[in-house]
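Here the structure is laid out as structure tokens; the discussion comes afterwards.
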Amino acid sequence: MGRPDLKSNDSRRALNQPHLKVSLEYVDSILDYLVQSRINMYRMSSDLAPYATHPDMPHFHSMVEDSRYELGALGAKARALDIRLSFHPSQNVVLDTPDPELLRKSVWDSTSRPEMLDLMELGMKPLWWCMLAAPMVILRQPERDE
């Protein structure tokens, strides 16, 4: 199912300056397809904002804020079309890791998706995984040798 010409995210490599704004244009086209196909739920790519939380690429870190207007417009369109949008955490998010550095990176990586959903003004339903994950981070602190 689907159309092979529809892309889910800007998958260009970092040297080619991929951006969330390009990904949002792709999702806008996907919303049109979903309406035509009478589908009212879409799980967006966890790579929607490429490199937005990459620790070694700070020049990408502001792309969510830089795309505030576009995120709001896409959220308004999704609401008008009654299409529910959500994310899954990326494969790099490991909230039950005993490694404190991986846990720190996982928590940071998890912040961009709720921020995007917030700017889309989609309400709390898409954030269920974030709300479930937060207590795990608090409860599953790595044991420390003292």
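Take 6 as the starting number for the sequence shown in this note's numbering and just add one per residue. No residue lacks a Cβ here, since even glycine has one placed at the ideal position from N, Cα and C. Fair warning: this is a prediction, and the values are worked out from it, not measured in the lab.
Per DSSP, the continuous beta strand (DSSP E) segment holding TYR47 begins and ends at 46-49. The way I'd put it, the stretch 69-76 doesn't touch the stretch 84-91; fewer than three beta-carbon pairs between them come closer than 8 Å. For SER117, the secondary structure class from DSSP, reduced to helix, strand or coil, is helix.
Membership of LEU90 in the beta strand (DSSP E) is indicated by the continuous run 89-92.
Nearest C-alpha to VAL69 among SER13, LEU124, ARG8, LYS12: LEU124.
Within the model, the alpha-carbon separation for TYR47 versus TYR38 is close to 11 Å. Membership of GLU30 in the alpha helix (DSSP H) is indicated by the continuous run 25-41. A straight-line Cα-Cα distance of about 28 Å links GLU120 and ASP10. Leaving aside the five residues that flank PRO23 on each side, the residues in its chain whose CB is nearer than 6 Å to its CB run, in chain order, ASP15, ARG17, PRO55.
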